[in-house]
Amino acid sequence: MAKTTMSDVARQAGVDVSTVSRALNERTAGMLRSETVEKVLAAAADLGYQPNVLARGLRTQRSHTVGMVLPDLTNPFFPPIVRGLEDALEVGGYTLIVANTDNDARRERRALHSLVGRQVDGLVVATSHIDGDEGAAAVGGLPVVLVNRRGTDPTIPAVVPDDDAGVALAVRHLLDLGHRRIGHVAGPADTSTGRTRAEAFARITGDAGVHDPSWVEAAHIFGVEDGMAACERLLERHPDLTAICAANDLLAIGSLRALRAAGRRVPGDVSLVGFNDMPLVDLIDPPLTTVRIPQYEMGRQAGELLLQLLEQPRPRRQRKPVAVTPELVVRQSTSAPA
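Counted from 1, the sequence shown has number 95 at position 94 by the numbering used here; the numbering is strictly sequential.
Okay, structure coming up:
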């Protein structure tokens with residue numbers, strides 16, 4: 002079967018070859034209309050196009066590099082994952098190339114194509130928007146491991162936090178303290194982490210008989226400012242909530258700001274629980290009770306899985322995600338309701 006060329010992509014997208022070249026290059030894609038870029042990216046994914054910036058022709062040898070696509074490198078959750086991944090890959094003689102996408106779906110797709118064009122031997126994908134099927138089509142058969150997200154393709158291995166267990170730890174801690182009016186500052190609904198944790202929260206609070214859908218408010222991104230805004234909206238509707246469970250620590254820090262701005266004491270008036278146990282949350286005032294996710298271990302296991310795929314290629318088969326075990330870390334942001 003003939004290798005897909007840039008001309009094939011141009012023909013399918015209904016544009017010229019130079020437009021395809023600009024659309025697939027992050028530095029020049031901004032010169033084009035967003036609709037044009039989307040059309041080119043979709044055509045490239047459909048055709049399995051792999052740009053080769055190093056050499057023409059088929060791959061003749063391994064590059065001993067691995068690409069990683071991240072949604073937000075400034076999020077403190079990800080650096081320990083990157084470190085664990087690098088340490089695992091170094092054992093196998095591989096170097097890591099990281100592409101940061103700022104939670105932008107178009108940048109995620111371009112990053113995948115760019116890394117494949119640089120002849121990486123495999124990919125670790127932690128994107129917010131691209132699902133497993135689309136990612137697999139974009140990389141044209143390269144070994145892929147997902148991290149911190151579940152894909153729709155059960156043959157693509159994934160390393161994920163056990164979000165159900167983690168949310169259960171947070172909610173049961175609050176229930177044991179005596180809280181019954183528990184709000185949730187949820188993550189973005191268009192991300193797998195946001196959806197998974199919100200669904201777990203609804204199920205677990207529902208089983209306990211304390212669920213009210215109006216006690217949930219979703220942030221637009223996993224960030225401090227969005228966490229503050231979401232918590233403000235939640236408090237405006239329900240000022241009588243006695244506890245808030247946030248979908249990650251950044252949202253929890255934003256919620257803490259909103260509570261302080263509203264004159265609410267933590268934990269005197271409202272208890273607050275985060276998720277992930279990112280660096281330094283033990284140093285804020287009050288130190289944050291949170292669910293610890295072993296980020297370094299997630300990265301290390303993702304690296305080991307990818308090395309297995311690289312060194313011992315096998316036919317794709319259905320796999321269960323590798324779920325890492327969370328741990329509740331009780332600090333000073335939670336107490337019994339007043």
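Quick reminder that beta carbons are idealized off the backbone N, C-alpha and C, glycines included.
Just so it is clear, the structure is predicted and the values come from calculations on it, not from any experiment.
Expressed to the nearest angstrom, what Euclidean distance is found between the alpha-carbon atoms of residue i and residue j?
i, j, result
"residue 156", "residue 165", "22 Å"
"residue 145", "residue 31", "28 Å"
"residue 253", "residue 278", "11 Å"
"residue 160", "residue 100", "19 Å"
"residue 80", "residue 66", "19 Å"
"residue 147", "residue 179", "38 Å"
"residue 133", "residue 22", "Here residue 133 scores only 49 on pLDDT, less than 50, and its place in the model should not be relied on; the value that follows carries that caveat. Distance between the alpha carbons of residue 133 and residue 22: 25 Å."
"residue 318", "residue 126", "19 Å"
"residue 9", "residue 97", "31 Å"
"residue 51", "residue 26", "13 Å"
"residue 242", "residue 235", "9 Å"
"residue 152", "residue 192", "11 Å"
"residue 328", "residue 177", "16 Å"
"residue 115", "residue 183", "44 Å"
"residue 207", "residue 20", "52 Å"
"residue 35", "residue 113", "18 Å"
"residue 282", "residue 289", "6 Å"
Return the chain-ordered list of same chain residues with a C-beta closer than 7 Å to the C-beta of residue i, the five sequence neighbours on each side being excluded.
i, result
"residue 205", "168, 169, 172"
"residue 54", "Since pLDDT at residue 54 reaches only 47, below the 50 mark, its modelled position is unreliable, and the value read off the structure follows with that caveat. Counting only Cβ-Cβ distances below 7 Å, and skipping sequence neighbours, we find 118, 119."
"residue 63", "122"
Are residue i and residue j closer than 8 Å when you measure CB to CB?
i, j, result
"residue 284", "residue 273", "no"
"residue 228", "residue 86", "no"
"residue 330", "residue 293", "yes"
"residue 297", "residue 150", "no"
"residue 320", "residue 158", "yes"
"residue 333", "residue 287", "yes"
"residue 107", "residue 42", "yes"
"residue 199", "residue 187", "yes"
"residue 276", "residue 244", "no"
"residue 269", "residue 190", "no"
Under the assumption that residue i contacts residue j (Cβ atoms under 8 Å), give the Cβ distance between them as a whole number of angstroms.
i, j, result
"residue 37", "residue 46", "At roughly 15 Å, the Cβ-Cβ gap does not stay under 8 Å, so residue 37 and residue 46 are not in contact."
"residue 225", "residue 251", "5 Å"
"residue 219", "residue 231", "7 Å"
"residue 335", "residue 175", "7 Å"
"residue 18", "residue 7", "5 Å"
Considering only C-alpha positions, which residue in the set the options is nearest to residue i?
i, options, result
"residue 203", "194, 195, 213", "213"
"residue 237", "252, 224, 265", "265"
"residue 271", "337, 200, 160, 250", "337"
"residue 78", "107, 299, 321, 311", "299"
"residue 217", "240, 288, 159", "240"
"residue 326", "312, 295, 318", "295"
"residue 76", "6, 103, 312, 195", "103"
"residue 68", "128, 207, 318, 249", "128"
"residue 105", "198, 222, 276", "222"
"residue 194", "19, 35, 72", "72"
"residue 310", "255, 143, 5", "143"
"residue 301", "5, 185, 82", "82"
"residue 185", "113, 306, 114, 255", "255"
"residue 306", "124, 20, 113, 74", "124"
With a CB to CB cut of under 8 Å and the five nearest residues on each side skipped, what residues in its chain are close to residue i?
i, result
"residue 138", "Below a pLDDT of 50, predicted positions are generally treated as unreliable, and residue 138, at 49, falls in that range; the measurement from the model is reported next regardless. 46, 47, 49, listed in sequence order."
"residue 308", "89, 90, 92, 93, 95"
"residue 233", "259, 262, 263"
"residue 313", "none"
"residue 215", "238, 239"
"residue 5", "48, 49, 50, 51"
If you measure from the CB of residue i, is any heavy atom of the ligand NAP nearer than 7 Å?
i, result
"residue 221", "Among the components of this structure there are no ligands whatsoever, and the ligand NAP is therefore not found."
Is there a Cβ from chain D that is less than 8 Å from the Cβ of residue i?
i, result
"residue 35", "In summary, chain D is missing from the structure at hand, where a single protein chain is found."
Go through its chain and collect everything with a Cβ distance to residue i's Cβ below 6 Å, but skip five positions before and after it.
i, result
"residue 181", "211"
"residue 40", "14"
"residue 197", "164"
"residue 44", "10, 13, 14"
"residue 249", "223, 276, 277"
"residue 1", "What the structure shows of the chain is the stretch from 2 to 339, and residue 1 is not part of that stretch, so it cannot be assessed."
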